[in-house]
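According to this note's numbering, the residues represented by the sequence shown are 184 to 478, in order. The C-beta atom is built at its ideal place from N, Cα and C for all residues, glycine as well. It should be emphasised that the depicted structure is a prediction, and the values quoted were computed from it without experimental measurement. Take a look at the structure below.
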Amino acid sequence: MRAGDALLAGCFVLIWGAAFNAAKVVVSDWPPLWALAVRFGLTAPLLLALMLARGHRLPRGADLLRVAGMGLLGTGGYLALSWSAATHVASGLTALISACSPLFVAMGEVLFLGQRMAPLAWGWLGLGWLGVAVLGIGRAGQGLGAGEMLGFGLALCGALAQGAGILLFAPARGRVDLWAASFGQSVTSALLLLALAPLLEGAPPGSAAPATVLALGYCILLSGVIGYGIMFTLFRRLPASTVTALQLLSPVVAVLLGWGFLGERLGWSDLGGGGVTLIGLLLLLRARVRPVERG
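Here it is in structure tokens:
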């Protein structure tokens with residue numbers, strides 16, 4: 184990896200990981216659905232400008248429906264569940280659980296898309312789920328409160344929603360410009376959150392602390408626009424498997440930043456289970472670079 188690509192990769196991991204910590208700051212002051220509605224509402228115009236500057240337009244037909252589906256499930260639905268989870272559990276724990284999304288994707292490819300996995304890949308998939316079980320059992324053994332149980336479940340459902348969105352969008356990935364897809368997903372997510380927030384959270388917040396404004400600005404500009412730009416650049420310069428593997432470092436960053444700046448503490452079962460899951464995901468990714476073809 185060249186020095187410039189390594190620098191971009193480091194920025195990508197840092198931006199992606201710190202997004203969980205920024206979300207924790209926001210939801211400590213604002214209701215999560217209203218916060219996300221504001222985030223997507225302000226991010227969409229920026230993505231529209233970038234899409235038009237590149238001379239691209241939204242896709243049509245089935246591809247547009249796939250972009251909208253990704254927005255409903257993989258972006259809006261995932262973050263609505265993830266940010267709601269962050270109101271109950273540490274941001275590092277939310278990040279570790281959210282990292283389970285590739286496990287759902289791998290299972291969905293086998294169950295719904297008819298793909299096959301090598302026997303070794305099944306073993307690594309099982310290792311990933313074992314890590315989730317260790318994390319969950321460890322938490323239960325500590326005497327989880329109702330709020331923590333809810334947060335754990337919301338984060339896991341968020342990972343499922345993201346995996347479902349990725350599977351839905353997958354057939355259109357090679358045909359749709361990534362900036363156009365990001366804009367379409369943001370608009371769909373904004374509409375979803377604007378519909379859900381008044382129903383579930385009542386009136387919008389009337390004020391914001393300075394830390395909330397800064398954290399929300401981070402989510403809009405850095406993780407919502409710049410982070411995607413870096414990721415798209417890395418996909419052009421590096422193998423897709425390498426970029427996907429880099430994403431697995433984000434929970435590590437979230438855990439460290441949550442500990443250092445937010446005073447969060449995770450138990451050994453959290454760290455051990457999360458570590459096993461990430462190792463299983465990494466090995467699963469490597470085993471599936473050359474998938475077994477159907478005979």
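- Just so you know, the alpha carbons of A392 and D212 end up roughly 7 Å apart.
- In this chain, the alpha helix (DSSP H) harbouring W199 covers A186 to V210.
- Collapsing the DSSP output to three states places Q430 in a helix.
- When the alpha-carbon of L465 is set against those of S274, G389, P228 and T425, the nearest one is in T425.
- Of the residues G443, P434 and A470, the one whose Cα lies closest to the Cα of T460 is P434.
- Annotation for I413: the continuous alpha helix (DSSP H) segment containing it runs G410 to R420.
- In this chain, P388 is not harboured by any alpha helix (DSSP H), its DSSP state being neither H nor E.
- Between L374 and the set L255, G238, G321 and L445, the nearest pair of CA atoms involves L255.
- Using a 10 angstroms sphere on the CB of L235, the tally of other CB atoms stays under 16, which defines it as exposed.
- Runs of the alpha helix (DSSP H) lying entirely within the stretch 254-310 and spanning at least 4 residues, in chain order: 261-268, 274-281 and 284-295.
- Taking 8 Å as the cut-off, the Cβ atoms of A378 and G260 do not count as close.
- By the neighbour-count definition (other C-beta atoms within 10 Å, threshold 16), I320 is an exposed residue.
- Using a C-beta cut-off of 8 Å, the stretch 212-221 makes no contact with the stretch 310-318, since fewer than three inter-stretch Cβ pairs fall below that distance.
- The beta carbon of A355 sits closer than 6 Å to the beta carbons of D246 and R249 from its chain, once the five residues preceding and following it are set aside; these are given in chain order.
- Per DSSP, the unbroken alpha helix (DSSP H) holding C340 starts and ends at A329 to F352.
- In the three-state scheme derived from DSSP, where H, G and I count as helix and E and B as strand, P214 is classed as coil.
- Each of A342, S390, L286 and V293 was checked against the Cα of P214, and the nearest Cα belongs to S390.
- Excluding sequence positions up to five before and after G252, its CB lies within less than 6 Å of the CB of L351, all in the same chain and listed in chain order.
- Of the residues assessed, V396 falls on the exposed side of the cut-off, its CB having fewer than 16 other CB atoms within 10 angstroms.
- With the rule of 3 Cβ pairs closer than 8 Å, the stretch 359-374 counts as touching the stretch 238-245.
- One thing to note: D188 has its Cβ within 8 Å of the Cβ of L421.
- Rounded to whole angstroms, the gap between the alpha carbons of G341 and T277 is 10 Å.
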